[in-house]
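A.B. asks:
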Amino acid sequence: MKTEFIQGNMACVEGALKAGCMFFGGYPITPSTEIAEGMAKKLPKLGGYYCQMEDEIASMASIIGASWAGSKSMTATSGPGISLMQENIGYAFMTETPCVLVNVQRGGPSTGQPTAASQADIMQTKWGSHGDYQPIVLVPSSVQEMYDFTILAFNYSEKYRTPVFVMADEILGHMREKVVLHDDIKIVDRVTPKNNDSNNENDNMVPTMPVFGEGYKTAVTGLTHNEKGYPDVSAETHDKLVRRLSNKILENKDDIILYESKNIDAETIFVCYGTPSRTVKYTVDSLMAEGKDVGYIRLKTVFPFPDDLIKNLKASKILVPEMNLGQVVGEVMKYANCEVKLIGKIGGELHKPEELKEYI
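Position in the sequence shown (first residue = 1) + 1242 = the numbering used here.
(1) How big is the Cα-Cα spacing for Lys1436 and Glu1573?
(2) Do the stretch 1340-1356 and the stretch 1408-1415 meet, that is, are 3 or more Cβ pairs less than 8 Å apart?
(3) Out of Lys1599, Arg1348, Phe1391, point me to the one whose CA is closest to Gly1589's CA.
(4) Count Cβ pairs between the stretch 1525-1545 and the stretch 1472-1490 that sit closer than 8 Å; are there 3 or more?
(5) Note down the Cα distance separating Ala1278 from Ser1301, rounded to an integer number of angstroms.
(6) The beta strand (DSSP E) with Phe1265 in it runs from where to where?
(7) Would you give the residue range spanned by the beta strand (DSSP E) that Gly1537 belongs to?
(8) With contact counted as at least three CB pairs below 8 Å, one residue from each stretch, are the stretch 1363-1379 and the stretch 1332-1340 in contact?
(9) Which runs of the beta strand (DSSP E) at least 3 residues long sit entirely within the stretch 1490-1566? Give them in chain order.
(10) Between which two residues does the beta strand (DSSP E) holding Asn1345 run?
(11) Rounded to whole angstroms, what's the CA-CA distance from Thr1319 to Asp1496? Just pull it up for me.
(12) Please specify which runs of the beta strand (DSSP E), each continuous and at least 3 residues long, are wholly inside the stretch 1263-1319, giving them in chain order.
(13) By DSSP, does Arg1418 sit in helix, in strand, or in coil?
(14) Does DSSP put Glu1469 in a helix, in a strand, or in coil?
(15) Please state if the CB of Lys1490 and the CB of Phe1396 are separated by a distance shorter than 8 Å.
(16) Expressed to the nearest angstrom, what Euclidean distance is found between the alpha-carbon atoms of Glu1322 and Ala1358?
(17) By a C-beta neighbour count over all protein chains shown, 10 Å radius and 16 as the cutoff for buried, is Ala1253 buried or exposed?
(18) In the structure shown, what three-state DSSP assignment does Phe1247 receive?
(19) Per DSSP, Ala1578 forms a beta bridge with which residues?
(20) When the Cα atoms are used, what is the spatial distance from Thr1450 to Glu1338?
(21) Taking 7 Å as the limit between beta carbons, can you name the residues of its chain near Leu1479, skipping five residues before and five after?
(22) Are the beta-carbon atoms of Thr1517 and Ile1413 separated by less than 8 Å?
(23) With the cut-off set at 8 Å, would you say Tyr1269 and Gln1294 are in Cβ contact?
(24) In the DSSP assignment, find the beta strand (DSSP E) that holds Thr1357 and state where it starts and stops.
(25) Rounded to whole angstroms, what is the Cα-Cα separation between Lys1553 and Thr1245?
(26) Are there 16 or more other CB atoms within 10 angstroms of the CB of Arg1540, so buried, or fewer, so exposed?
(27) Between Val1448 and Arg1403, how many whole angstroms is the CB-CB distance? I'm expecting something under 8 Å.
(28) How close, in whole Å, do the beta carbons of Val1562 and Ile1585 come, if the pair is a contact with beta carbons under 8 Å?
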């Protein structure tokens, strides 16, 4: 174990390497570029591969191919890039390709604010590509979590054979904090076939994953397909396939969903995620010291969404601070049994404690 004082983007690099990432395919885009630069410097020294692609469409395609060739793979981007990746992201979900996508969010739409923070891409993870699928979305709020959650993203990706998102923002990507680079973190690797059977499925509805070039006859298609991977676009096959793709995540929510809370039975609860959580925690501590009945829930995983947690809150009011004009607040409203208010802020700056206190 060692301790370093590093930038959030570099903590992401260290986490990816610790998890066993051996391929990075990407295209530089502010404010995530340091991740690409870090991987370009470090991966070749470890026997891995860094490939700068011509655009984000190709970047996403490259990490899918690398994953099927047996390498843990990732890319890093920001808003305009994640928009371009969406078709291939859907392909990765349909083909059950483990890979990690890091999005260091910036202000939009379009080119927007390349050097300013935002949380405006969160719903892109859920609805960005077409069709029905269930993403796993991790949202760090510290540089330490950029390291830890990148490792966790690879573990979830390998365990459930699915793309996993790490949704940071410009503030976190460029912030420097102390990071403990743990040595004793559990690393998960995909389950490969046994007895030359490329279609084994474990108890979590996750098929084993053969590796190209290792002797398996493997079909990989974005078309609706049967258990052997061959196209079958019948209603019955489509229903069975897509339900399994969704249920392998939804029926394992207890294994995936992570959150942190304080005074969860309070009259007023903040539901927060990402960098704004830092202001929320400070504000709640300050208000509790004044005798106010407040608390918070910090979502570490936004998706799958912790609907049961929100349903069971005893609060009479829920406040949702976001660096956008309302995205996750809609998910909270679906399940809350009380008044829900958005505290939306855009422009690249964090909420200030006094702005949050106005809502108490």
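Glycine included, each C-beta is placed from N, C-alpha and C at the ideal position.
If you're wondering where the values come from, they're calculated on a predicted model, not measured in any experiment.
C.D. replies: From the atom records:
(1) 41 Å
(2) yes
(3) Arg1348
(4) no
(5) 11 Å
(6) 1263-1268
(7) 1536-1541
(8) yes
(9) 1501-1504, 1510-1515, 1536-1541, 1543-1545, 1559-1564
(10) 1341-1349
(11) 29 Å
(12) 1263-1268, 1291-1294, 1314-1319
(13) strand
(14) coil
(15) no
(16) Residue identity differs from the one stated: residue 1322 is Pro in this sequence, not Glu. Their Cα atoms are separated by approximately 14 Å.
(17) buried
(18) strand
(19) Partner(s): none; Ala1578 has no beta bridge.
(20) 10 Å
(21) In the sequence under discussion, the amino acid at residue 1479 is Thr, which differs from the Leu named in the question. Once the five neighbours on either side are set aside, the close Cβ partners of Thr1479 are Thr1466, Asn1468.
(22) yes
(23) yes
(24) 1355-1359
(25) 40 Å
(26) buried
(27) 5 Å
(28) 7 Å
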